[in-house]
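**Student:** Structure provided below as structure tokens; questions to follow.
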Amino acid sequence: MSRIDLHLHTTHSDGSFSTREVMDFAKQAGVAALAITDHDIVDGIPEATAIGHELGIEVVPGVEISSRLGESEIHILGYFLDWTDPLLAQRLKTLRDSRHLRNPRIVQRLNELGIPITYEEVRALAGTESVGRPHIARLLMEKKFVTSAKEAFDRYLANGRPAFVDRELPEPVDAVRWIRDAGGVPVLAHPTWVRTSADGLRTLVRDLKTVGLGGIEVHYSTHTPSQTTEYLDLAKQCDLLVTGGSDFHGVTKPDIEVGIGRGQLKVSHKLLDPLKKAATTA
87 MSRIDLHLHT THSDGSFSTR EVMDFAKQAG VAALAITDHD IVDGIPEATA IGHELGIEVV
147 PGVEISSRLG ESEIHILGYF LDWTDPLLAQ RLKTLRDSRH LRNPRIVQRL NELGIPITYE
207 EVRALAGTES VGRPHIARLL MEKKFVTSAK EAFDRYLANG RPAFVDRELP EPVDAVRWIR
267 DAGGVPVLAH PTWVRTSADG LRTLVRDLKT VGLGGIEVHY STHTPSQTTE YLDLAKQCDL
327 LVTGGSDFHG VTKPDIEVGI GRGQLKVSHK LLDPLKKAAT TA
């Protein structure tokens, strides 16, 4: 069974490896097709496509859009979208701008907690327009204030922790529509992030389907077997596509590798054709 990975991050957003490095990792892992799904930015797609031709790896144009519903930050993956679409570019820029407004406030709160870092240092480390909390976590690691990204989030950066600052995000229905407007197929990422009951998740999925949701990320690095079964059943009940990916980031998620997640992930190439078909009929 050929392996695919439809959830990967590079240094264009909060990944710690370049597009070339991620593509090389994919080749080593036997990945036949992949999607670069950087947060709120599509700048890595053309390079990935060129490298894919060189390595014999099919590259799916993708993105991951952050949204919020109540207490849940919900991410919507977009596949086979027109990444050159001007309206999409404008919408994604508003999300990156919201990070730039929030990040200095996070740094200020860390300063007030006795941690002397600057936002200039964060931006230099990121080297990208899409700067986020994982970059702040990496800087805290480099300066030895924490030993891991998990510790940085648990102690300072996660919701409810002393340096957390909220930011403006679209609602999930809007994120789904943005992807549809760009000709893509929207997929609910890592449904475990949705802070609700099974019935609440089912209601959310059905509501999002009415505005164009096309699939659910069933196969994911941290899903347990029972969660995978639950989300597979939900996809069948709602007549939605099944997708999967590692959510590879690199340094901030050191236990997750391209193509294999924590070692057991294997997303079948058979899932790709239905996704392509959905894109052509979108």
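Residue numbers for the sequence shown, in this note's numbering: 87 to 368.
Even glycine gets a Cβ: it sits at the ideal position worked out from N, Cα and C.
1. When the Cα atoms are used, what is the spatial distance from G438 to D267?
2. Alpha carbon to alpha carbon, how far is H95 from P311? Give it in angstroms, no decimals.
3. In angstroms with no decimal places, state the Cα-to-Cα distance between S104 and F239.
4. Candidates G301, I342, P340, P147: which alpha carbon is nearest H161's?
5. Since Y242 is in the beta strand (DSSP E), which residue starts that stretch and which ends it?
6. Determine, using beta-carbon pairs with one atom in the stretch 179-192 and one in the stretch 204-220, whether at least three such pairs fall under 8 Å.
7. Determine the burial state of N197: buried for a count of at least 16 other Cβ atoms within 10 Å of its Cβ, exposed for fewer.
8. Which partner residues of E343 appear in the DSSP bridge assignment?
9. Between which residues of its own chain and A118 is the CB-CB distance below 7 Å, once the five residues before and five after are set aside?
10. Could you check which residue in D359, K339, G331, T338 has the C-alpha nearest to that of I346?
11. So for F231, helix, strand or coil by DSSP?
12. Quick one: residues in its chain with C-beta nearer than 6 Å to the C-beta of Y317, no 5 flanking neighbours on either side, listed in chain order?
13. Since W264 contacts I151 with CB under 8 Å, what's their CB separation in whole angstroms?
14. Looking only at its own chain, which residues have a Cβ that is under 8 Å from the Cβ of I192, when we skip the five neighbours before and after it?
15. Drop a sphere of 10 angstroms on the beta-carbon of P202, count the other beta-carbons inside from all chains shown, and report buried for 16 or more, exposed for fewer.
**Tutor:** The structure says:
1. Residue 438 is absent from the structure shown; the chain starts at 87 and stops at 368.
2. Looking up residue 311 in the sequence shown gives position 225. Looking up residue 95 in the sequence shown gives position 9. Those two C-alpha atoms are separated by around 24 Å.
3. Sequence index remark: in the sequence shown, residue 104 carries index 18 (1-based). Sequence index remark: in the sequence shown, residue 239 carries index 153 (1-based). Cα-Cα distance, rounded: 23 Å.
4. As a first step, residue 161 is located in the sequence shown; it is residue number 75 there, counting from the start. Taking only the C-alpha atoms, the option nearest H161 is G301.
5. As a position in the sequence shown, residue 242 is number 156, starting the count at 1. Segment: none, Y242 is in no beta strand (DSSP E) and carries neither H nor E.
6. yes
7. Here residue 197 refers to the residue found at position 111 when the sequence shown is read from its first residue. Looking at its Cβ environment, which holds fewer than 16 other Cβ atoms inside 10 Å, N197 is exposed.
8. In the sequence shown, counting from the first residue as 1, residue 343 sits at position 257. In the DSSP output, where bridge partners are listed per residue, E343 has G347.
9. Reading the sequence shown from its first residue, position 32 is the one you call residue 118. If we look at A118 and ignore the five residues flanking it on each side, its Cβ neighbours are S88, R89, I90, I143, E144, H355.
10. By one-based count along the sequence shown, residue 346 stands at place 260. If we check each option's Cα against that of I346, G331 comes out closest.
11. The residue given as residue 231 occupies position 145 in the sequence shown. Coil at F231, not helix or strand.
12. One-based indexing of the sequence shown puts residue 317 at position 231. Answer for Y317: P277, I302, V304, listed in chain order.
13. Here residue 264 corresponds to residue number 178 of the sequence shown, with the count starting at 1. Here residue 151 corresponds to residue number 65 of the sequence shown, with the count starting at 1. Correct: roughly 6 Å between the Cβ atoms.
14. Taking the sequence shown and counting its residues from 1, one reaches residue 192 at position 106. Excluding residues within five positions, the ones whose Cβ falls inside 8 Å are R219, I222, L243, A249, F250, V251.
15. Taking the sequence shown and counting its residues from 1, one reaches residue 202 at position 116. Flag for P202 reads exposed.
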